[in-house]
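Residue numbers (this note's numbering): 144 to 197. Even for Gly, the Cβ is constructed at its ideal location relative to N, Cα and C. Quantities reported herein were computed from a predicted structural model and do not represent experimental measurements.
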């Protein structure tokens, strides 16, 4: 069975950052999503490890 990419709309509270639309694979972890968001927003560094990326 082939998994289709998920289309995500990521909105920022108080419009701190612009809204982003991106495609994510169903197998992505929270860490992978955070990494992609940082790349798209031009923010460096690795996301903090919150233990929520299982």
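Spatial distance of residue i from residue j (CA atoms)
{"i": "residue 184", "j": "residue 159", "result": "11 Å"}
{"i": "residue 150", "j": "residue 177", "result": "15 Å"}
{"i": "residue 148", "j": "residue 182", "result": "19 Å"}
{"i": "residue 169", "j": "residue 155", "result": "22 Å"}
{"i": "residue 197", "j": "residue 161", "result": "Caution applies to residue 197, whose pLDDT of 47 falls short of 50 and renders its modelled position unreliable; the model cannot decide the point."}
Residue-chain proximity (residue i, chain B), Cβ-Cβ < 7 Å
{"i": "residue 165", "result": "You won't find chain B in this structure, because it holds only one protein chain."}
Given residue i as reference, the closest of the options once Cα atoms are compared
{"i": "residue 153", "options": "186, 170, 166, 174", "result": "166"}
For residue j and residue i, believed in contact at Cβ under 8 Å, the rounded distance
{"i": "residue 180", "j": "residue 163", "result": "7 Å"}
Beta-carbon proximity list for residue i, same chain, < 6 Å, skipping 5 on both sides
{"i": "residue 146", "result": "169"}
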